[in-house]
Amino acid sequence: MPEFIYRGRSSNGAAVHGRLEATQPSQVAAHLQSRGVTPIEIRAAAITKDIEFDEIWRKLGGGRPRIDDMIMFCRQMHTITRAGLPLLQGMQGLADTTHNVVLADTLREVLASLESGRSLAASLARHPKIFSRLMISIIEVGEVTGTLDKAFKRLHEYISLERQIADRVRAASRYPAIVLTAIGIAITIITVFVIPKFAPIFRTLGDDIPVPTKILMGVSQFAQDNGVLLIVLGILAWFAFDYWRKTPKGRYRWDKARLNFPVIGHITREVALARITRSLALSLESGLPVNQTLTTIADTTGNAYLSELVLGMRASVERGETLSQSAAHTTLFTPLILQMIAVGEETGALSELLEETADHYEREVDYRLDNLSAALEPLLIVGVGVCVLILALGVFLPLWDMVGKARGF
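If you count the sequence shown from 1, you need to add 697 to reach my numbering.
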């Protein structure tokens, strides 16, 4: 079917643009007018084999909505549904005012899907790269129970907390990353540029060159002779690792290994557990069945190893076990957390206790992040000290020897 490009103005005067498939321009105009859009220009899209840069960028995943965009979307949808504004009108307003181009285009496609008779959850589910399975499940329950405004409020609070944790992790890792980068740059400059300048002078010592200097000169010469090869091999190794990491087996092994890394492994695990327990609380509070909740959460953990454990919990629940019994079969939770889940099941306050569990894990994450710099600082100091010692001995020992010989010592 031919595709047409259109420009127009919405009922509030905002500029609207996009693409629609139709047999003729009049159908596009009628469709736009039914949405309250006044057409300004409608033209056939050029049929060409050339792909525009922005189209390539989008296909590669560029321009995808940031977490802040999704927070704003949920907050605005909560306002729209709470105020009783017609969903089509509210969605049109969001599409016209959203700054992220990919999200705006997606919302227009969702709007077209709504107009064709699909539910909101089904329309959003057609865009799994934008809207997570958890989000769609919560919205679906909200539609069925008539509590769509509460669903979007819960999602807004959930994504906001996710953003806060991500920001704290990013801020805590910034200092070590800067220090390690500075060390790497310094070593590269000294090895590639400084040592070669001194090498002719050092060679005048003959066999009396100190061992640290020989090592530095050897490394420097190797880097100069094979620099391009090292860069190419490094890039190939990174792509090979990235390819392996994206395979099912590779992702499982890598995600399991990440949980056992020194210092950051505990933080990674507790961030994931905070996400799992908060997702459980959100889903159960929204009315999702436990087995469906666990299926949904398995897709949102961000860790293949933990996803397998969650799916194991689902299998246990489907065999008739309680959530606390199924959780006890895994290595996910501590005995204290398992006891809280069991109490929640007995008292009927499971979602509230899961919220408290998520808060507990987030407090643990905060504590570990606050102490991350203190834990890494000795390692960084030792690393910097060793590098400085090797470089200093490698450069100054031969100079001292030369000065000693010049003085006749």
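Ideal Cβ placement from N, Cα and C applies to all residues, glycine included. These numbers were taken from a predicted model, which means no experiment stands behind them.
Cβ separation of residue i and residue j, assumed to be a contact under 8 Å, to the nearest whole Å
i, j, result
"Tyr1002", "Asp952", "5 Å"
"Tyr1058", "Ala971", "4 Å"
"Ala711", "Thr795", "Contact flag wrong, Cβ pair sits at about 11 Å."
"Ala719", "Val713", "About 16 Å separates the two Cβ atoms, so there is no contact after all."
"Leu913", "Ile928", "Actually they do not touch by this definition, with Cβ atoms about 20 Å apart."
"Val968", "Val987", "About 23 Å separates the two Cβ atoms, so there is no contact after all."
Proximity of residue i and residue j at Cβ, strictly below 9 Å
i, j, result
"Leu1035", "Ala1046", "no"
"Leu1050", "Thr1027", "no"
"Arg830", "Thr974", "no"
"Ile964", "Val1062", "yes"
"Pro873", "Leu1073", "yes"
"Arg772", "His853", "yes"
"Gln786", "Val734", "no"
"Ala995", "Ser1021", "no"
"Ser980", "Ser834", "yes"
"Leu845", "Leu817", "yes"
"Lys826", "Arg761", "yes"
"Ile880", "Gly1080", "yes"
"Arg664", "Asp765", "Shown here, the chain extends from 698 to 1106; a query on residue 664 therefore has no answer."
"Ser983", "Ala848", "yes"
"Phe701", "Ala742", "yes"
"Ala868", "Leu1077", "no"
"Ala883", "Cys1084", "yes"
"Glu1043", "Ala978", "no"
"Val889", "Ser870", "no"
Per-residue burial, residue i [other beta carbons within 10 Å of its own, 16 or more giving buried]
i, result
"Gly1091", "buried"
"Ile886", "exposed"
"Ser813", "exposed"
"Tyr1064", "exposed"
"Ser731", "exposed"
"Ile856", "buried"
"Ile737", "exposed"
"Leu991", "buried"
"Ile748", "Confidence at Ile748 is low in this model, with a pLDDT of 46, below 50, so its placement is unreliable and the value that follows should be read with caution. It counts as exposed."
"Lys746", "For Lys746, the predicted model reports a pLDDT of 44, less than 50, meaning its position is unreliable and no value from the coordinates is stated."
"Phe770", "buried"
"Gly915", "exposed"
"Arg1011", "buried"
"Phe828", "buried"
"Leu800", "buried"
"Ile932", "exposed"
"Ala1089", "exposed"
"Leu821", "buried"
"Thr998", "buried"
"Asp864", "exposed"
"Gly1041", "buried"
"Gly1017", "exposed"
"Asp905", "exposed"
Candidates the options: closest to residue i by CA position
i, options, result
"Asn1000", "Leu729, Lys894, Leu1029 and Leu985", "Leu1029"
"Met774", "Arg763, Leu791, Asp765 and Pro762", "Leu791"
"Ser976", "Thr803, Thr965, Thr1054 and Val799", "Thr1054"
"Gln921", "Ala937, Ala896 and Arg900", "Ala896"
"Val866", "Ile1078, Val1085, Asn1068 and Leu1096", "Asn1068"
"Arg900", "Pro945, Pro1095 and Val1100", "Pro1095"
"Asp1098", "Trp941, Val891, Ile898 and Leu1086", "Ile898"
"Ser708", "Gln721, Ala969, Leu729 and Trp941", "Leu729"
"Arg716", "Arg740, Glu1042 and Arg706", "Arg740"
"Pro907", "Phe701, Arg955, Lys894 and Ile1087", "Ile1087"
"Tyr703", "Arg805, Thr776 and Ala822", "Arg805"
"Ile768", "Ala780, Ala742, Gly781 and Asn797", "Asn797"
"Pro909", "Phe701, Phe1093, Arg706 and Ser870", "Phe1093"
"Leu985", "Gly1082, Val838, Pro1075 and Arg955", "Val838"
"Pro699", "Phe919, Ser723 and Arg706", "Ser723"
"Leu877", "Val1100, Ala1089 and Gly1082", "Gly1082"
"Ile862", "Ile836, Arg1060, Asn923 and Arg815", "Arg1060"
Below-9 Å beta-carbon distance, residue i vs any chain B residue
i, result
"Ile1087", "Note that chain B does not occur in the displayed structure, where there is just one protein chain."
Original post:
Which runs of the alpha helix (DSSP H), 4 residues or longer, sit entirely within the segment 999 to 1043?
Top reply: 1001 to 1015 and 1020 to 1025
**OP:** Mind listing, in chain order, the continuous alpha helix (DSSP H) runs of no fewer than 4 residues lying wholly within the segment 914 to 938?
**Re:** Entirely contained in the segment 914 to 938, not one alpha helix (DSSP H) run reaches 4 residues.
**OP:** At 4 residues or longer, and completely inside the segment 772 to 813: list those alpha helix (DSSP H) runs for me, N to C.
**Re:** 784 to 794 and 798 to 812
Subject >> Contiguous alpha helix (DSSP H) assignments of at least 4 residues, all confined to the segment 842 to 900 >> reply: DSSP runs (the alpha helix (DSSP H)) wholly in the segment 842 to 900: 845 to 886 and 892 to 900.
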